[in-house]
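What follows is a set of notes on a single structure, which appears directly below.
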Amino acid sequence: MDAPRSIIIVKLSSIGDVLHAVPVAVALKRHFATARIGWVVEGRAADVLAGHPAIDHLFRLPRGWLTSPGTVWDLRHRLRDFRADVALDLQGLLKSGVATWLTGARLRIGHAPPTAREGSWLACTCRVKTTATHVVEQHLDLLAALGMPRGDASFDMPHWAPSRARMQAWLAGLRLGRQPVLLNPGAGWASKRWPPERFAVLAQALIQRSGCPSVVAWAGAEEHAVAQRIAAESRGAAVVAPATSLQDLGELCRLVRVVVSGDTGPLHLAAAVGTPCVGLFGPVPASRNGPHGPQHVCVEPPPALRPPWEDRKTDTLAMLGIDVEQVAAAVDSVLVRSQAA
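Heads up, the sequence shown is in my numbering, so the first residue is 5 and it goes up one at a time.
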């Protein structure tokens with residue numbers, strides 16, 4: 005087909021998964037500079053895309069939109085008004101297949117099964133079987149259907165000036181003396197959470213080894229209680245971050261030296277904005293979901309502790325196979341590398 009005039013990306017959720025898809029938008033905008041690019045996204049995940057230079061329009065949806073006929077009908081009208089020539093389903097689920105079909109695009113590209121599930125591939129006119137391991141590379145494989153090479157992944161995340169000013173003012177008020185490390189103990193799945201007491205011991209180790217204080221991020225009342233516990237048990241080595249929006253958190257990540265986190269949205273946000281990360285990967289391998297780029301280090305348990313794929317959400321042992329010394333050594337290596345850069 006001729007160069008598309010308008011393209012819609014469908015990647016609805018979650019925050020980390022949406023961020024993994026950002027390099028597709030960047031690659032499309034670079035290759036088709038005059039094309040308008042829209043993105044269909046759910047809930048809070050839209051906030052990490054707001055202001056992105058590669059995205060011209062966000063189609064924001066509430067969670068559970070597919071069960072509301074009025075919302076589906078409204079989405080159909082908005083998508084048809086965009087007049088997309090191409091749609092890409094990067095989610096590969098029933099709801100993303102519906103959104104892709106609603107675009108009315110003549111060329112609808114998606115993953116072939118088993119990467120695509122729930123019959124979502126039926127909405128696509130072109131189904132691509134990926135050979136890549138990492139999800140970022142899997143998404144970039146879809147661009148071959150447009151005659152584009154995969155190329156290197158680039159995130160080109162926007163800067164959110166009001167959030168940066170807030171985070172700079174908060175850090176300045178702490179008078180820490182040194183640029184801190186950000187610890188993120190939360191995760192959507194309990195199986196991806198490293199024990200709070202280990203984060204507290206890690207914070208003490210980082211002070212002793214490199215003089216770096218720690219800031220503990222959180223979202224919601226449960227995570228706030230965990231962050232307070234870590235700070236209390238760290239014996240002054242860690243402080244609790246303020247309540248943050250996703251854009252606040254993105255700018256806070258830009259102001260710290262390293263981010264230490266399990267496999268969750270804040271880890272991938274930190275990687276996307278360019279902060280070196282130490283990822284803690286228990287039930288899901290880092291080769292598939294790890295922070296993308298050579299500046300990051302991932303720590304994983306012994307292979308015998310990794311659960312079968314179908315048990316990844318309920319496993320209780322994999323994250324316990326990661327000890328504090330492993331993580332502290334990984335932070336050391338990232339700090340040394342960043343100082344040498």
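For each residue, glycine too, the CB sits at the ideal point set by N, CA and C.
Sort 290, 205, 152 and 195 by Cα distance to residue 36 and report the nearest one. One-based indexing of the sequence shown puts residue 36 at position 32. Answer by Cα proximity: 152.
Cβ-based neighbour list, residue 117, same chain, cut-off 7 Å, excluding 5 preceding and 5 following: Residue mapping note: residue 117 aligns to position 113 of the sequence shown, counting from 1. 125.
Where does residue 158 land, buried or exposed, given buried means 16+ other C-beta within 10 angstroms? Position 154 of the sequence shown, counting from 1, holds the residue named residue 158. Residue 158 should be labelled exposed.
Express the C-alpha separation of residue 186 and residue 179 in angstroms, rounding to a whole number. Translated into the one-based positions of the sequence shown, residue 179 becomes position 175. Translated into the one-based positions of the sequence shown, residue 186 becomes position 182. Whole-angstrom Cα-Cα distance: 16 Å.
Nearest-angstrom Cα separation, counted from residue 164 out to residue 54: Residue 54 sits at position 50 when you count from the first residue of the sequence shown. Residue 164 sits at position 160 when you count from the first residue of the sequence shown. C-alpha separation (whole angstroms): 9 Å.
Which of helix, strand or coil DSSP assigns to residue 123: Your numbering for residue 123 matches position 119 in the sequence shown. In this structure, residue 123 counts as coil in the three-state DSSP scheme.
Rounded to a whole number of angstroms, what is the C-alpha to C-alpha distance between residue 279 and residue 260? Counting from one through the sequence shown, the residue named residue 279 turns up at place 275. Counting from one through the sequence shown, the residue named residue 260 turns up at place 256. So the alpha carbons of these two residues sit roughly 8 Å apart.
Residue 100: buried (16+ other C-beta within 10 angstroms of its C-beta) or exposed? Along the sequence shown, one-based indexing puts residue 100 at 96. Buried, by the Cβ-count rule.
Grouping DSSP H, G and I as helix and E and B as strand, with all else coil, what is residue 222? Taking the sequence shown and counting its residues from 1, one reaches residue 222 at position 218. Three-state result, residue 222: coil.
Do residue 149 and residue 111 have their C-beta atoms closer together than 9 Å? As a first step, residue 149 must be located in the sequence shown, where it is residue number 145. As a first step, residue 111 must be located in the sequence shown, where it is residue number 107. Yes, Cβ-Cβ distance for residue 149 and residue 111 is below 9 Å.
Other residues of its chain near residue 214: CB distance less than 8 Å, five sequence neighbours each side excluded: The sequence position of residue 214 within the sequence shown is 210, counting from 1. Here the set comprises 335, 336 and 339.
Is the region 248-263 close to the region 184-204, with three or more CB pairs under 8 Å? yes
Close beta carbons around residue 109, own chain, < 7 Å, minus the five adjacent residues each side: Taking the sequence shown and counting its residues from 1, the one referred to as residue 109 is at position 105. The residues are 12, 88, 89, 90 and 91.
Exposure of residue 81, with buried meaning 16 or more beta-carbon neighbours within 10 Å: Counted from its first residue, the sequence shown places residue 81 at position 77. Classification of residue 81: exposed, given that the 10 Å Cβ count is below 16.
Can you check which of these residues, 235, 243, 120 and 193, is closest to residue 177 by C-alpha distance? On the sequence shown, position 173 is the one that residue 177 refers to. Among 235, 243, 120 and 193, the Cα nearest to that of residue 177 is on 243.
Option nearest residue 128 by Cα separation, candidates 140, 138, 105 and 146: Taking the sequence shown and counting its residues from 1, one reaches residue 128 at position 124. Minimum Cα distance to residue 128 is reached at 105.
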